[in-house]
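Numbering (this note's numbering), first residue to last: 81 to 389.
Every residue, glycine too, gets a C-beta built ideally from N, C-alpha and C.
These figures come from a predicted structure and were not determined experimentally.
A quick write-up on the structure given underneath.
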Amino acid sequence: MKPRPADAIAPPPEGDLQDAPIESVQFVGPTVATVLRSRGVATVGDLLAQRPRRYLDLRGADDWRRVRHAQSGTLISVEGLIEDARWAGNPRARRLSVAMREPRGTTVLRAVFFHAKAGMTSRLSPGMTVRLTGSLKQQPNGPELVQPKVLAPGTRTRAIEPIYAGIGSVAPGTVLRIVTAALERASRWGDPVPPDVARALHLPAPAAALRLLHAPDASVSPEVLVDLAQGRSDAHRRLAFEELLAVSVALERARRNAGGARVFTDETGVAELAGQRLGLTLTGGQRGGDRDAAGRPRERSPDATAAGG
81 MKPRPADAIA PPPEGDLQDA PIESVQFVGP TVATVLRSRG VATVGDLLAQ RPRRYLDLRG
141 ADDWRRVRHA QSGTLISVEG LIEDARWAGN PRARRLSVAM REPRGTTVLR AVFFHAKAGM
201 TSRLSPGMTV RLTGSLKQQP NGPELVQPKV LAPGTRTRAI EPIYAGIGSV APGTVLRIVT
261 AALERASRWG DPVPPDVARA LHLPAPAAAL RLLHAPDASV SPEVLVDLAQ GRSDAHRRLA
321 FEELLAVSVA LERARRNAGG ARVFTDETGV AELAGQRLGL TLTGGQRGGD RDAAGRPRER
381 SPDATAAGG
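Below you can see the structure in the form of structure tokens.
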């Protein structure tokens with residue numbers, strides 16, 4: 081099945097964005113939608129519930145001085161001229177080794193691609209200018225990138241890039257693209273939390289929480305970025321509270337629809353039977369208390385019981 085063109089994308093239905101079908105998101109064609117639905121991602125709400133696995137902090141990463149002076153593990157995203165590209169290894173485990181030179185300097189950065197396909201040479205041929213993004217490693221013969229992302233020259237990179245897990249056969253990069261498309265409509269995310277409750281608990285608005293989670297900008301502090309990566313940011317707290325509220329409301333609705341609680345009396349010897357099943361012998365006081373309670377039955381809601389009322 082061929083992906084549908086952009087002008088054939090179904091307009092999003094009116095109402096809460098969370099309930100909009102996944103097919104209403106740009107870049108989600110029939111094939112991708114089938115895969116997502118098979119993995120439980122049927123609505124925009126399901127899609128935006130996908131949490132990034134980690135974040136790449138690319139602020140200042142497009143500086144070749146990082147290549148010359150940075151330690152191993154530093155993220156870089158630099159453009160340069162491909163000087164050399166050659167194959168190495170056996171046919172079953174071929175690797176492509178590339179040398180890229182600084183545009184206006186002498187620094188050479190090497191990149192290694194394991195299990196590379198033959199078509200990669202068309203993107204990394206000598207004389208071409210490309211952008212490579214990845215974690216730097218300092219090797220004895222100079223700085224090196226292993227399995228970096230290859231981008232076209234002039235490609236704008238995010239200051240902070242979220243990294244998602246793939247969903248079935250939908251690649252992580254595609255997940256990022258469709259999440260970004262869905263995020264453009266975040267203002268239509270319904271807010272079930274009363275405003276006074278949100279203010280009292282210092283909860284951000286849902287649209288702000290979604291943007292912080294899926295598209296943090298360059299103003300985010302290192303501390304907040306750590307909280308995002310560890311799942312304990314204000315955005316996580318806001319969305320978790322919303323999920324908890326939804327579950328609580330569903331349980332309360334089910335309790336009310338079920339009618340009043342059943343009242344048990346001691347006519348059937350329930351207390352004695354329960355004691356026997358548990359291997360317990362009721363004391364005289366327990367039997368008396370049970371008879372007293374049976375003589376004054378009243379319905380109690382789970383909420384009242386939990387509150388000790």
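Closest residue to residue i among the options (Cα-Cα distance)
| i | options | result |
| --- | --- | --- |
| A179 | V210, A262 and L358 | V210 |
| V188 | R172, K197, W167 and Q218 | Q218 |
| E182 | E163, A251 and L155 | E163 |
| I156 | L325, L212 and E103 | L212 |
| D137 | S104, V250, V327 and L305 | L305 |
| T254 | L360, A266 and G109 | G109 |
| E241 | P220, L293 and Q151 | L293 |
| R139 | A326, R236 and F193 | R236 |
| G365 | Q356, L358, R357 and A351 | A351 |
| A122 | I247, A150, G153 and R238 | I247 |
| L176 | G185, L225 and A232 | L225 |
| V273 | R318, W144, L308 and S313 | R318 |
| L97 | G207, A261, R146 and V192 | A261 |
| H282 | D314, P101, A334 and S249 | D314 |
Buried/exposed call for residue i, threshold 16 Cβ in 10 Å
| i | result |
| --- | --- |
| W269 | buried |
| E322 | buried |
| G160 | buried |
| D99 | exposed |
| A173 | exposed |
| A86 | Below a pLDDT of 50, predicted positions are generally treated as unreliable, and A86, at 40, falls in that range; the measurement from the model is reported next regardless. Flag for A86 reads exposed. |
| T361 | exposed |
| S104 | buried |
| P302 | exposed |
| P23 | Residue 23 is absent from the structure shown; the chain starts at 81 and stops at 389. |
| A90 | Because the pLDDT at A90 is just 41, under 50, the model does not fix this residue reliably, and the value given afterwards should be weighed accordingly. Under this definition A90 is an exposed residue. |
| L216 | buried |
| L308 | buried |
Inter-residue CB distance, residue i and residue j (contact presumed, cutoff 8 angstroms)
| i | j | result |
| --- | --- | --- |
| V204 | V230 | The sequence given here has Leu at residue 204, not Val. About 7 angstroms separates the two Cβ atoms, so the contact holds. |
| V259 | L116 | Contact flag wrong, Cβ pair sits at about 11 angstroms. |
| F107 | R257 | 5 angstroms |
| G222 | R190 | 6 angstroms |
Start and end residues, beta strand (DSSP E) containing residue i
| i | result |
| --- | --- |
| I162 | L155 to A168 |
Range of the contiguous alpha helix (DSSP H) that encloses residue i
| i | result |
| --- | --- |
| Q356 | V350 to L358 |
| L331 | D314 to N337 |
| V105 | No alpha helix (DSSP H) contains V105, which DSSP labels as neither H nor E. |
Q: Just list the beta strand (DSSP E) runs in the stretch 174 to 239, keeping only unbroken ones of 3 residues or longer that don't cross its boundaries, in chain order.
A: 175 to 181, 188 to 194, 209 to 219, 222 to 226 and 229 to 231
Q: Could you tell me which uninterrupted alpha helix (DSSP H) segments, each at least 4 residues in length, are contained entirely in the stretch 110 to 139, listed from first to last along the chain?
A: 110 to 118 and 124 to 128
Q. What residue ranges within the stretch 239 to 307 form continuous alpha helix (DSSP H) runs of no fewer than 4 residues, ordered along the chain?
A. 252 to 263, 275 to 280 and 286 to 294
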